[in-house]
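To start, the structure under review is shown below, and the notes come after it.
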DNA sequence: TTTGTATTCCGTAAATTTTACGGAATATTT
DNA sequence: AAATATTCCGTAAAATTTACGGAATACAAA
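Residue numbers (the working numbering), protein chains in the order written: chain R, 1 to 258; chain B, 1001 to 1258.
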């Protein structure tokens, strides 16, 4: 959606294609090189940073909409994506927005009862991706984007700081119950790599040896015979996820601590 | 909403008062006397059992709407009520319903594009109450109700069996991380009572002694000096929740097993 | 070839938590 | 006083979690 024609059509006729009152706002966590970031877009007019949201098509299943929006924004398919909460309490979520303001900011003429100004509840999803593999796309409303370190999130639009906080809390709770890493690490990875991943996401240190013991004893990873030469020091062995156990743990959940 | 006038107004003009495309469908778990049940209403016309749902007012915060709906249906305020999932994937949730059918079943004349026939996503909440303290109210659409044992849920409308299953799974997972019982047990209760409560909810046996030890060691309950005379046998001591620890555990979560 | 550097690899003992389990105590009824 | 029904208590074994340091090794530089 970038040409003026498309944008106009979206604003004027979007309600025919999309459900009003609802948006999907994904918190996209990007991990790479021991850093955990989230993807934010700069919304023009509103002049602030916000989540890369989208709308649900009228005959589109909810989870499909979430995947589509993520795909449109990042080019990624088939990743860890999970619904975590609906936000509909904050004053921002109760307010209807003004058409005049919109016209001033975007230079588009719209009617007062345009669907975009109605009260909108936000369905929060979060995803976990390798941000070095993402090619972010912007559009008419979002001209710029940036990956922000989670320790350094700027003030966001509406109640989206709350959304991000809750997403992070959910992710950190979840990692105790479900495995993570399948699409974030190379097919074959070292213990250090997966260890760093978990430490970074949880934001705290984990004993290297006990951590590895735990994952192995849960049957989630297995040691390969291969090693990887990466520098002037002993070469680490490579590990692989046990797909079956991994899938199973995703579904069933695991009860444990690290 | 019971007079014909009110119902007509709701059907015709409800969209002015309520958000379309969204409903709140609470799964109300009722516990009493070692039985765990859920509240279902018999929906006339649709001729089946379903959850006692409701709609969100246009300027009403989401969680307030959930509490209101519960209050309207059960008379209860201030109880354990929690959002757990949005349902928008099942074919039922994509379908729009037909006006003709509606007219046939309810004898109300409605237009084809009435708001009630549009695709509706369901925001799932679950609550936990003492069903002996509930006075259920019905309305024009729901003439009858019944508490159904969770092991014996009938086929429900739409995708609501899935909703109920997920609610139960969430409850059972949650009880490992957050305390339960504050509004389900008397102010002062015996170990047997709280033990039965947990066994019933989890649907499995828990060692009596270890269970009590755990709750005490977590600081969630404390033993009182009083006993309660209840039969031709030794009288049990009474216990009370430690409110502070309880509230704290609700917020922070506990990591443990039983 | 040797030496230095950076990183990986491994295992055990102590502490804590969880599990398993049975017999004595006691309030009431007969 | 005896019978009945239920509560109360504690310990030992098993399992899990935690804490922790020194030898091995791949490469680079001398």
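All C-beta atoms, glycine included, are put in the ideal place defined by N, C-alpha and C. Quick caveat, the model's predicted, so the values are computed rather than measured.
Proximal chain R residues relative to residue i, where beta-carbon distance stays under 9 angstroms
i	result
residue 1063 of chain B	88 and 89
Exposed unless 16 or more other CB atoms sit within 10 angstroms - verdict on residue i
i	result
residue 230 of chain R	exposed
residue 1026 of chain B	buried
residue 20 of chain R	buried
residue 1233 of chain B	exposed
residue 1169 of chain B	exposed
residue 1037 of chain B	buried
residue 237 of chain R	exposed
Cβ-Cβ separation, residue j to residue i (assumed contact under 8 angstroms), whole Å
i	j	result
residue 1129 of chain B	residue 1045 of chain B	The Cβ separation is near 27 angstroms, so there is no contact.
residue 200 of chain R	residue 82 of chain R	Incorrect: roughly 19 angstroms between the Cβ atoms, too far for contact.
residue 1138 of chain B	residue 1041 of chain B	7 angstroms
residue 51 of chain R	residue 160 of chain R	5 angstroms
residue 8 of chain R	residue 108 of chain R	7 angstroms
residue 97 of chain R	residue 117 of chain R	4 angstroms
residue 1114 of chain B	residue 1011 of chain B	7 angstroms
residue 1154 of chain B	residue 1049 of chain B	5 angstroms
residue 987 of chain B	residue 1122 of chain B	One cannot answer for residue 987 of chain B here, as it falls past the ends of chain B, which runs 1001 to 1258.
residue 61 of chain R	residue 1078 of chain B	That belief does not hold up - the Cβ atoms of residue 61 of chain R and residue 1078 of chain B are roughly 36 angstroms apart, past 8 angstroms.
residue 175 of chain R	residue 185 of chain R	No, residue 175 of chain R and residue 185 of chain R are not in contact; Cβ-Cβ is about 14 angstroms, not under 8 angstroms.
Interface partners of residue i on chain R, CB under 8 angstroms
i	result
residue 1022 of chain B	21, 22 and 121
Helix, strand or coil at residue i [DSSP, three-state]
i	result
residue 1144 of chain B	strand
residue 1133 of chain B	helix
residue 1075 of chain B	coil
residue 27 of chain R	strand
residue 1110 of chain B	coil
residue 209 of chain R	helix
residue 234 of chain R	coil
residue 1092 of chain B	helix
residue 226 of chain R	strand
residue 1105 of chain B	helix
residue 42 of chain R	strand
residue 166 of chain R	helix
residue 1117 of chain B	helix
residue 1063 of chain B	helix
residue 246 of chain R	helix
residue 47 of chain R	coil
Option nearest residue i by Cα separation, candidates the options
i	options	result
residue 76 of chain R	R:135, R:110 and R:139	R:135
residue 1210 of chain B	B:1056, B:1057 and B:1192	B:1192
residue 23 of chain R	R:3, R:214, R:54 and R:43	R:54
residue 124 of chain R	R:56, R:17, R:186 and R:142	R:56
residue 219 of chain R	R:172, R:240 and R:91	R:240
residue 1028 of chain B	B:1172, B:1131 and B:1223	B:1131
residue 1146 of chain B	B:1252, B:1043 and B:1011	B:1043
residue 1166 of chain B	R:142, R:90, R:251 and R:164	R:251
residue 74 of chain R	R:39, R:237, R:17 and R:243	R:39
residue 225 of chain R	R:58, R:85 and R:188	R:188
residue 202 of chain R	R:221, R:190 and R:151	R:151
residue 1066 of chain B	B:1127, B:1032 and B:1243	B:1127
residue 1006 of chain B	B:1140, B:1095 and B:1069	B:1140
Contacts that residue i makes with chain B (C-beta to C-beta distance below 8 angstroms)
i	result
residue 85 of chain R	1083
Listed by chain order, chain R residues near residue i by CB distance under 7 angstroms
i	result
residue 1094 of chain B	59 and 61
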